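A.B. asks: Here's a structure for you.
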Amino acid sequence: MTTTVVELWTEPPLIRYLAQSSARFVVVMTPAGQVLAQHGFARAVDLMGVAALGAAIMASSGALADLMGEATFGALFHAGQRHGIHLAVCRTPRGPLVILTVFGRETSIGLVGFFFDEFAAALHAAAPADRERGPILAEDFEAELGQSLASLFGR
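If you number the sequence shown the way numbering that gives the first Met the number 0 does, the last residue is 154 and the count never jumps.
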């Protein structure tokens, strides 16, 4: 499986997280679903679908938290027969990032959660503080998506 990054500062923490957590797939993205780094996805269509769905789940969870008077619900976890999913926000000087982790039976939600906390701290420490990423403007979205896909899949 391959690891690819758009933002180079994400790579060392991601490599360490993969080794510690035994995750099968990981996506590091903005709340809008723009992928900064990923591990495990070979096809752009799969990665973009997962990123869009992960970002939507986090946005929906945030809206539910607001309706119920909560600041946030924190990490989300879903268990399947063969895979589990851990989905959480990581705060960085560049703004919040959404991390989606898919893991199998070779690890547990407890270990993924434990190592996620270390991963989030490492991303926070590694993130350049020079600028916070602004919202993606509609006219720039297609160009940025194309650049991200080309960077992630070498095209």
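Don't be surprised by glycine CBs; every beta carbon is placed ideally from N, CA and C.
Values in this document were obtained by computation on a predicted structure and should not be read as measured data.
Provide the residue(s) that pair with Pro12 in DSSP beta bridges, ordered along the chain.
C.D. replies: As a first step, residue 12 is located in the sequence shown; it is residue number 13 there, counting from the start. None, per the DSSP bridge assignment.
A.B. asks: For Leu96, report the span of its beta strand (DSSP E) as first-last.
C.D. replies: The residue you call residue 96 lines up with position 97 of the sequence shown. Gly94 to Phe102 is the span of the beta strand (DSSP E), which, as asked, contains Leu96.
A.B. asks: For the structure I just gave you, are there three or more beta carbon pairs, one from the segment 59-75 and one from the segment 37-49, closer than 8 Å?
C.D. replies: Output reads no: the segment 37-49 does not touch the segment 59-75.
A.B. asks: Within 10 angstroms of the Cβ of Pro12, are there 16 or more other Cβ atoms? Answer buried if so, exposed if not.
C.D. replies: By one-based count along the sequence shown, residue 12 stands at place 13. Buried is the call here.
A.B. asks: Does the separation of the CB atoms of Ala50 and Val26 fall below 8 Å?
C.D. replies: As a first step, residue 50 must be located in the sequence shown, where it is residue number 51. As a first step, residue 26 must be located in the sequence shown, where it is residue number 27. It is a contact, given that the beta carbons lie within the stated cut-off.
A.B. asks: On the criterion of 16 or more Cβ atoms from any shown chain inside 10 Å, does Gln37 qualify as buried, or is it exposed?
C.D. replies: What you label residue 37 is simply residue 38 of the sequence shown in a count that begins at 1. When all chains shown are included, Gln37 counts as buried.
A.B. asks: Could you tell me which of Phe114, Gln146 and Arg93 sits nearest to Ile155, measuring between CA atoms?
C.D. replies: Here the chain comprises residues numbered 0 to 154, so residue 155 is not present and cannot be evaluated.
A.B. asks: May I have the straight-line CA-CA distance separating Ala18 from Pro127, to the nearest angstrom?
C.D. replies: The residue labelled residue 18 in the question sits at position 19 within the sequence shown. The residue labelled residue 127 in the question sits at position 128 within the sequence shown. In a straight line, the C-alpha of Ala18 is about 24 Å away from that of Pro127.
A.B. asks: Can you check which of these residues, Leu35, Ala22 and Pro30, is closest to Val4 by C-alpha distance?
C.D. replies: One-based indexing of the sequence shown puts residue 4 at position 5. Of Leu35, Ala22 and Pro30, the residue nearest in Cα terms is Leu35.
A.B. asks: For Phe72, which three-state DSSP category applies?
C.D. replies: Locating residue 72 in the sequence shown gives position 73, where the first residue counts as 1. Note: Phe72 maps to coil in three-state DSSP.
A.B. asks: Whose CA, out of Ser21, Val101 and Pro30, lies closest to the CA of Val88?
C.D. replies: Residue mapping note: residue 88 aligns to position 89 of the sequence shown, counting from 1. Among Ser21, Val101 and Pro30, the Cα nearest to that of Val88 belongs to Pro30.
A.B. asks: Glu69 to Met0, Cα distance in whole Å?
C.D. replies: Against the sequence shown, residue 69 aligns to sequence position 70. Against the sequence shown, residue 0 aligns to sequence position 1. Answer to the nearest angstrom: the Cα atoms are 38 Å apart.
A.B. asks: Among Ile108, Leu122, Trp8 and Phe118, which residue has its Cα nearest to the Cα of Leu75?
C.D. replies: Counting from one through the sequence shown, the residue named residue 75 turns up at place 76. Among Ile108, Leu122, Trp8 and Phe118, the Cα nearest to that of Leu75 is on Ile108.
A.B. asks: Does DSSP put Ala119 in a helix, a strand or coil?
C.D. replies: Position 120 of the sequence shown, counting from 1, holds the residue named residue 119. Three-state DSSP puts Ala119 in a helix.
A.B. asks: Can you say whether Ser90 is buried or exposed, counting buried as having 16 or more other CB atoms within 10 angstroms of its CB?
C.D. replies: Taking the first residue of the sequence shown as 1, we reach residue 90 at position 91. The residue you asked about is not Ser; residue 90 is Arg in the sequence shown. Flag for Arg90 reads exposed.
A.B. asks: What does DSSP give as the partner residue(s) for Gln146 in the beta ladder?
C.D. replies: Along the sequence shown, one-based indexing puts residue 146 at 147. In DSSP, Gln146 forms no bridge with anything.
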